[in-house]
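Only one structure is covered here, and it is reproduced in the block below.
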Amino acid sequence: MNYQTPVLVDHQDRVAVVTLNRPSSLNAINLALLTGLVEALRTVQDADAIVVQASGRAFCAGEDLKETLAPTSGSLEELRRSFDLLQDVTRLMAGAPCPVVSAVQGYAVGAAPRSRWPPTTWWPGRRRG
7 MNYQTPVLVD HQDRVAVVTL NRPSSLNAIN LALLTGLVEA LRTVQDADAI
57 VVQASGRAFC AGEDLKETLA PTSGSLEELR RSFDLLQDVT RLMAGAPCPV
107 VSAVQGYAVG AAPRSRWPPT TWWPGRRRG
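Quick note on the working numbering: the sequence shown kicks off at 7 and runs consecutively.
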């Protein structure tokens with residue numbers, strides 16, 4: 007498997023398989039993976055089904071804290087473009103004309119901007135608050 011390519015696309019009959027491919031970082035989201043995922047999801051919209059999986063022992067460890075999502079300038083505008091890409095992932099999956107299935111193994115952590123979504127904890131059977 008080519009670990010230099012952060013997102014791989016394969017077609018098995020009419021099923022598109024999109025693979026997150028940064029196993030050495032537990033598939034943590036950096037700009038290259040994020041851009042590759044958006045591009046991959048755009049190219050497979052004509053499939054009968056889409057499977058999103060990951061190489062290695064974790065599905066996704068969330069945002070790569072060793073790399074910024076604004077690696078070129080560090081500007082707010084560049085960071086905003088990365089956040090738009092995160093939204094594109096959601097839109098492409100939710101708006102796909104076919105089922106989208108995630109084959110999750112190991113860690114599966116979100117990449118939400120921490121300043122926007124403060125952490126909350128909730129357990130079934132326990133009141134929030």
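The beta carbon of each residue, even a glycine, is placed where N, CA and C say it ideally should be.
Keep in mind the model is a prediction, meaning the values are calculated, not measured.
Would you decide whether Ser-88 is buried or exposed? Buried here means 16 or more other CB atoms lie within 10 Å of its CB. Translated into the one-based positions of the sequence shown, residue 88 becomes position 82. Buried: at least 16 other Cβ atoms inside 10 Å.
Notebook entry, point to check: Do Ala-34 and Pro-12 come within 7 Å of each other at the CB atom, strictly closer than that value?
Noted result: Taking the sequence shown and counting its residues from 1, one reaches residue 12 at position 6. Taking the sequence shown and counting its residues from 1, one reaches residue 34 at position 28. No, these two residues do not count as a Cβ contact at 7 Å.
Nearest to Asp-19 by CA position, among Leu-75, Ile-56, Phe-65 and Glu-73, is which residue? In the sequence shown, counting from the first residue as 1, residue 19 sits at position 13. Nearest option by C-alpha distance: Ile-56.
Contiguous alpha helix (DSSP H) assignments of at least 4 residues, all confined to the segment 38 to 112: Segments of the alpha helix (DSSP H) lying fully in the segment 38 to 112: 82 to 100.
Using C-beta distances below 6 Å, list every residue in its chain close to Val-139, excluding the 5 sequence neighbours before and after it, in chain order. There is simply no residue 139 to check, as the chain begins at 7 and stops at 135 in what is shown.
- Task: Mind checking who Leu-32 pairs with in its DSSP beta bridge?
- Result: Taking the sequence shown and counting its residues from 1, one reaches residue 32 at position 26. Paired residues: none, contrary to the question.
_Buried or exposed by the 16-neighbour rule on C-beta atoms within 10 Å, applied to Asn-27_ = For this step, residue 27 is matched to residue 21 along the sequence shown. Per the 10 Å Cβ criterion, buried.
* **Selected residue, minimal CA-CA separation from Asp-90, among Thr-41, Leu-32 and His-17** => For the purposes of this step, residue 90 is taken as residue 84 along the sequence shown, with counting starting at 1. Answer by Cα proximity: Thr-41.
Q: Have a look at the DSSP bridge pairing and note the partners of Gln-18.
A: Working through the sequence shown from its first residue, we reach residue 18 at position 12. Looking at the DSSP assignment, Gln-18 forms a beta bridge with Val-21.
Can you have a look at Glu-83 and say buried or exposed, based on whether 16 or more other CB atoms are within 10 angstroms of its CB? Against the sequence shown, residue 83 aligns to sequence position 77. It counts as exposed.
Is Gly-131 helix, strand or coil when you go by DSSP?
-> Numbered from its first residue, the sequence shown carries residue 131 at position 125. A caution first: Gly-131 carries a pLDDT of 47, below 50, which makes its placement in the model unreliable, though a value can still be read off. Looking at Gly-131 - three-state DSSP - the assignment turns out to be coil, as it is neither helix nor strand.
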